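Q: Questions regarding the structure given below will be posed in turn.
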Amino acid sequence: MTGEEIKSAHKQYNLQSWSRQKSINPIPLQKAEGIYFWDYDGNRYTDMSSQLVNMNLGFGNRAIGDAIKAQVDRFCFMAPSYAVETRSELAKTIIGLMPDNMGKVFFTNAGADANENAIKMARMYTGRNKVFSRYRSYHGSSFGAGNLTGEPRRFPLEPGIPGFVKFFDPYIYREAISFESEEAATAYYLAKLEEQLGYEGASSVAAIVMETITGSNGVIIPPKGYLPGVRALCDKYGILMICDEVMAGWCRTGTMFAFQHFGVKPDIVTFAKGVTCGYVPLGGVVVSKSIAAYFDDNLLSCGLTYSGHPLACAAGLACVRYYGEADILGNVNRVGKALGETLEKLKEAHPCVGDVRYIGLFSAVELVRDKKTREPLVPYGKDPEGLMGKIIKLLSARRFMTYSHENCVLVAPPLIITEAQLTEELSKLDEVLGIVDKEML
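In terms of the working numbering, the sequence shown has 777 at position 265, counting the first letter as 1, and numbering is strictly consecutive.
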């Protein structure tokens, strides 16, 4: 098929996610390698969002591809009730990367069903029904994960499932209160969370679920002491702490998992995306030793046909090994330092940049109309002029491929990016921000 034929068939036969179907204009792609992909006209694009923040190792990683091919030659599928080498070895490897309180892994197909099964296990283990999650969050769009989600993508699922309770995460840049320090902000937000637990009945709360670092909703990094404070509240009231590491995990933030920055040990960790970098779909739920032991004598009422799919586990095992063998964390921290320094310069140079947030190779640029008042470029939940879409199109025209959410442009390139490649791409962002300064404020 030609590029135009592929594009035409896509528009005619595919329902494209998060889109009004009449407005889609997909780029037909012919090949991809490293951090780049090419269309049928030979144009090269740079993947500055790691697709959906999952292609951590980029395109064409031979180690992962060879592992998949080797498993194909053995067998492609075996039901979850059979012991399979790749499944067993990957689970063992993941537990080895976790804190010493973690015990076993339940494999899923992706991040949404990882979160679905995590809250299901939490309810079974605690005998409680309520689950807290945050407004500025995205945990998936299936029914359970969509009810965990706090941002507007949950609306089509409402009225939702009873027992799902939302609270606000610390978003200091957007807070009306001026805190004297991060610690002061932490004290405020923890006090409000504990107050809400009291009004909901803490003894009925099974779990508090958080993206360790809020992802698509703006790369919001918790202030000092916040996660340890949530851990303390969970311990105080017998609540499970669930860290959603679907986007922030697997070296993205400069540690293997984002919670490792904050010195906490979750009870449950969910993961997906970077465990296979999208080569084959895979997700999972890691549970503590005490939760694992509970299900020795109590029925684990969770099941998926493709739990621990052999091809996915082969990809995952190769991927996780590659992170270590190629010193991906070292690259993330080296290039991430350059990313942060450049973003700070962009913030200083451009009137439209209100805030930049970054950790490792996970960052967002928040756009405003006025730096002093912090008035957002577009009103919350509304963009009548389609300004954010125009900004993404300006970046796309320069082959800088990413996406936006509300007023934030995401910058989260594959973790294999070099400093030279990063510099080349951020110059394009600089150029587009200059256009925003002159034409959109």
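Glycine is no exception: its CB is placed at the ideal position from the N, C-alpha and C atoms. Model, not experiment: these values are computed from the prediction.
1. Does the segment 569-578 touch the segment 781-800, meaning 3 or more C-beta pairs lie closer than 8 Å?
2. Since S562 is in the alpha helix (DSSP H), which residue starts that stretch and which ends it?
3. To the nearest angstrom, report how far apart F874 and G852 are at their CA atoms.
4. I'd like to check one pair, S716 with R640: are the Cβ atoms closer than 9 Å?
5. Is the CB-CB distance between F679 and F655 below 9 Å?
6. Report the option in I803, E936, A932, M614 whose CA atom is closest to the CA atom of R846.
7. Does G795 come out as helix, strand or coil in the three-state DSSP assignment?
8. For I947, which residues of its own chain have a beta-carbon under 8 Å away from its beta-carbon, when the five flanking residues on both sides are left out?
9. Jot down the residue ranges of each uninterrupted alpha helix (DSSP H) in the segment 815-883, minimum 4 residues, whole runs only, in chain order.
10. I'd like the list of long-range same chain contacts for L953, defined as Cβ closer than 7 Å, with 5 residues on each side in sequence excluded.
11. Assign V776 to one of two classes, buried (16 or more other C-beta atoms within 10 Å of its C-beta) or exposed (fewer than that).
12. Verify whether the separation of the beta carbon atoms of T782 and G741 is less than 9 Å.
13. Mind checking which residues open and close the beta strand (DSSP E) that includes R646?
14. Between the C-alpha atoms of Q511 and V923, what's the straight-line distance to the nearest angstrom?
15. In the DSSP assignment, the beta strand (DSSP E) including R541 goes from what residue to what residue?
16. Given a cut-off of 9 Å on the beta-carbon distance, is the pair L660 and N627 in contact?
17. With the cut-off set at 9 Å, would you say R646 and M722 are in Cβ contact?
18. Spatial neighbours of E694 within its chain, please: C-beta separation below 7 Å, excluding the five flanking residues on both sides.
19. Identify every residue that forms a DSSP beta bridge with C755.
20. Look at the alpha carbon of I928 and the alpha carbon of T724, and state the distance between them as a whole number of angstroms.
21. Leaving out five residues before and five after V584 in sequence, what residues of the same chain have Cβ atoms less than 8 Å from its Cβ?
22. How about S561 and M900: are their beta carbons less than 9 Å apart?
23. Ordered along the chain, which non-local residues of its own chain (more than five positions away) have a Cβ less than 7 Å from that of C746?
24. According to DSSP, what are the bridge partners of P888?
25. Whose CA, out of S529, Q533, F571, lies closest to the CA of A544?
26. With H, G and I counted as helix, E and B as strand and the rest as coil, what does DSSP make of S520?
A: Once the coordinates are examined:
1. yes
2. Position 50 of the sequence shown, counting from 1, holds the residue named residue 562. Element bounds for S562: 562-565.
3. What you label residue 874 is simply residue 362 of the sequence shown in a count that begins at 1. What you label residue 852 is simply residue 340 of the sequence shown in a count that begins at 1. Going by the C-alpha atoms only, they are around 10 Å apart.
4. Walking along the sequence shown from the start, residue 640 turns up at place 128. Walking along the sequence shown from the start, residue 716 turns up at place 204. Result yes, Cβ atoms of R640 and S716 sit closer than 9 Å.
5. Counting from 1 along the sequence shown, the entry for residue 679 is found at position 167. Counting from 1 along the sequence shown, the entry for residue 655 is found at position 143. No, they are not a contact pair.
6. Working through the sequence shown from its first residue, we reach residue 846 at position 334. Relative to the Cα of R846, the nearest Cα in the group I803, E936, A932, M614 belongs to A932.
7. Within the sequence shown, the letter at position 283 stands for residue 795. The answer is strand: DSSP assigns G795 an E or B state.
8. Within the sequence shown, numbered from 1, the residue matching residue 947 stands at position 435. Closer than 8 Å at Cβ, skipping near neighbours: L906.
9. 822-837, 840-861
10. Working through the sequence shown from its first residue, we reach residue 953 at position 441. If we look at L953 and ignore the five residues flanking it on each side, its Cβ neighbours are P863, C864, R881.
11. Against the sequence shown, residue 776 aligns to sequence position 264. Burial call: buried.
12. Translated into positions along the sequence shown, residue 782 becomes position 270. Translated into positions along the sequence shown, residue 741 becomes position 229. No, these two residues do not count as a Cβ contact at 9 Å.
13. Reading the sequence shown from its first residue, position 134 is the one you call residue 646. Note, R646: beta strand (DSSP E), 642-646.
14. Nothing about residue 511 can be read from this structure; the chain reaches only from 513 to 953.
15. As a first step, residue 541 must be located in the sequence shown, where it is residue number 29. At residue 541 the sequence reads Leu, which differs from the Arg that was named. Its beta strand (DSSP E) spans residues 541-545.
16. Residue 660 sits at position 148 when you count from the first residue of the sequence shown. Residue 627 sits at position 115 when you count from the first residue of the sequence shown. A contact, by the Cβ cut-off of 9 Å.
17. Taking the first residue of the sequence shown as 1, we reach residue 646 at position 134. Taking the first residue of the sequence shown as 1, we reach residue 722 at position 210. Contact flag set, yes.
18. Position 182 of the sequence shown holds residue 694. For E694, where only same-chain residues beyond five positions count, the Cβ hits under 7 Å are P735, K736.
19. As a first step, residue 755 is located in the sequence shown; it is residue number 243 there, counting from the start. For C755, the pairing in a beta bridge is given by DSSP as M722, V781.
20. As a working mapping, residue 928 is identified with position 416 in the sequence shown. As a working mapping, residue 724 is identified with position 212 in the sequence shown. Rounded to the nearest angstrom, the two C-alpha atoms are 23 Å apart.
21. On the sequence shown, residue 584 is found 72 positions in, with the first residue counted as 1. Closer than 8 Å at Cβ, skipping near neighbours: L823.
22. Here residue 561 refers to the residue found at position 49 when the sequence shown is read from its first residue. Here residue 900 refers to the residue found at position 388 when the sequence shown is read from its first residue. No. Outside cutoff.
23. As a first step, residue 746 must be located in the sequence shown, where it is residue number 234. Hits under 7 Å: I720, L752, M753.
24. Here residue 888 refers to the residue found at position 376 when the sequence shown is read from its first residue. Under DSSP, P888 shares a beta bridge with V880.
25. Start at 1 with the first residue of the sequence shown, and residue 544 comes out as number 32. When each option's Cα is compared against that of A544, the closest is F571.
26. Translated into the one-based positions of the sequence shown, residue 520 becomes position 8. Three-state DSSP puts S520 in a helix.
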